[in-house]
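The numbers in the working numbering rise by one with no breaks, and the one at position 135 of the sequence shown is 140. Every residue gets a Cβ at the ideal spot worked out from N, C-alpha and C, and that includes glycine. Predicted, not measured: the structure shown is a model, and the values here were computed from it. See structure below.
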Amino acid sequence: MTRQRGTLVLGATGLVGRQVVAGLLEAGAGVRALVRNPGTACLPDDVEVVRGDLGALGGPGDRGALRASLDGVEAVFLLWPFATAEGTAPLLDAVAARARRVVYLSSAAVREHERSVERMIERSGLEWTVLRPHAFAANTLRWAGQIRAEAVVREPYGAAAMPPLHERDLAAVAVHALLGDGHDGATYEPTGPETLTQAEQARVIGEVTGRPVRWEEISPRATRRRMLDLGWPPPVVDGVLAAQAALVTAPRAATGTVEKITGAPARTFRAWVADHADAFATP
Ligand SMILES: NC(=O)c1ccc[n+]([C@@H]2O[C@H](COP(=O)([O-])OP(=O)(O)OC[C@H]3O[C@@H](n4cnc5c(N)ncnc54)[C@H](OP(=O)(O)O)[C@@H]3O)[C@@H](O)[C@H]2O)c1
6 MTRQRGTLVL GATGLVGRQV VAGLLEAGAG VRALVRNPGT ACLPDDVEVV
56 RGDLGALGGP GDRGALRASL DGVEAVFLLW PFATAEGTAP LLDAVAARAR
106 RVVYLSSAAV REHERSVERM IERSGLEWTV LRPHAFAANT LRWAGQIRAE
156 AVVREPYGAA AMPPLHERDL AAVAVHALLG DGHDGATYEP TGPETLTQAE
206 QARVIGEVTG RPVRWEEISP RATRRRMLDL GWPPPVVDGV LAAQAALVTA
256 PRAATGTVEK ITGAPARTFR AWVADHADAF ATP
């Protein structure tokens with residue numbers, strides 16, 4: 006990394022990580038990415054790619070790769086892709102020994118493993134910022150197959166309401182925290198700019214793509230069965246459905262965090278759909 010302020014991005018090939026990488030490069034930061042498969046990572050040429058598996062940090066190979074990936078790094082974007090905190094202690098030790106700052110992608114749900122990681126980070130001696138985003142706009146991509154095939158969304162809880170967050174806005178907040186000052190010890194809750202029910206989100210997808218999309222309410226029980234058949238673990242299925250049920254009676258309000266941190270208003274759900282219209286379009 007020849008440029009100043011080297012940053013290591015974990016999860017760089019994912020939805021959020023790719024935008025964090027793009028934002029860092031745009032800001033002129035040096036970027037390194039630790040990825041499982043460099044051959045398929047498809048990251049910009051300016052990114053220094055290091056092979057490593059976060060699920061194998063108990064083994065010397067991947068631990069060594071992690072240490073090497075931290076050489077010359079000042080800040081780390083930490084996405085932990087597992088539903089357990091196991092494995093994060095050696096990771097944070099390595100980060101604290103070499104870097105100065107960590108920005109952790111937690112979630113507004115603050116599940117048990119996320120809270121454990123947050124606590125470890127608070128005690129790590131690093132400068133830290135925790136991001137607890139609310140629902141991603143990209144969650145609606147799970148409807149894409151039904152919309153492409155039949156212009157319909159069959160789901161429960163059409164009245165569940167939340168302010169869907171564009172991944173580029175979440176990444177912009179992360180980049181400010183990674184490169185800027187004044188974010189040490191802060192916990193941010195980024196959201197999109199407006200609260201929409203799930204049925205309204207389906208309607209907006211139809212409006213933007215030019216093919217009306219119908220919301221067809223089905224029972225939570227039928228959805229639970231379908232998700233289990235798809236191989237989702239029962240506690241995850243129950244957690245997702247309970248969270249949606251709660252959003253019917255207690256909708257999430259927008260927080261204004263994106264604009265406060267980045268200076269630019271959060272992108273609307275309509276803008277997010279326009280950026281991803283191909284996913285919903287008929288072939
Ligand atoms: N969806 C929501 O509404 C929501 C809300 C709040 C918070 N969040 C949080 O956001 C995070 C998900 O972000 P995302 O959507 O960007 O994820 P994503 O698109 O699924 O990407 C996951 C990333 O983790 C990497 N990864 C997976 N296993 C790995 C391993 N063993 N070693 C190294 N890298 C590995 C993947 O790399 P490969 O290319 O190798 O697969 C990929 O880059 C989760 O922590 C979630 O809790 C989500």
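Look at the beta carbons and you see the region 225 to 245 not touching the region 170 to 179: under three pairs across the two are nearer than 8 Å. Comparing alpha carbon positions, the residue from M232, G64, H171 and A250 closest to E264 is H171. Check the Cα spacing between W148 and each of G163, V135, P240 and L30: the tightest is with G163.
Counted as a single uninterrupted DSSP element, the beta strand (DSSP E) harbouring E222 occupies residues R219 to E222. In terms of Cβ geometry, A27 and L184 do not form a close pair [threshold 8 Å]. Shortest gap from the CB of S112 to any heavy atom of ligand 1: under 7 Å. Nearest to L75 by C-alpha distance, out of G64, A46 and R105, is R105. Ligand 1 has a heavy atom closer than 7 Å to the beta-carbon of F141. S111 is a Cβ neighbour of V122, given a cutoff of 8 Å.
Uninterrupted alpha helix (DSSP H) stretches at least 4 residues long and entirely within the region 246 to 279 occur at 262 to 267, given in chain order. According to the DSSP secondary-structure assignment, L110 is paired through a beta bridge with L136. For A259, the shortest C-beta to heavy atom distance toward ligand 1 is 7 Å or greater. The beta-carbon distance between T202 and A165, rounded to whole angstroms, is 6 Å. This is short enough to meet the 8 Å contact definition. Taking C-beta atoms as the reference points, F274 and Q206 count as a pair closer than 8 Å. The nearest non-hydrogen atom of ligand 1 is 7 Å or more from the C-beta of R120. Runs of the beta strand (DSSP E) lying entirely within the region 145 to 175, each at least 3 residues long, are 157 to 160 in chain order. For A38, the three-state secondary structure derived from DSSP is strand. Between ligand 1 and the CB of R41, the shortest heavy atom gap is smaller than 7 Å. The criterion of a C-beta distance shorter than 8 Å is satisfied by D67 and G57. In this structure, R137 lies near E194, with their beta-carbon atoms less than 8 Å apart.
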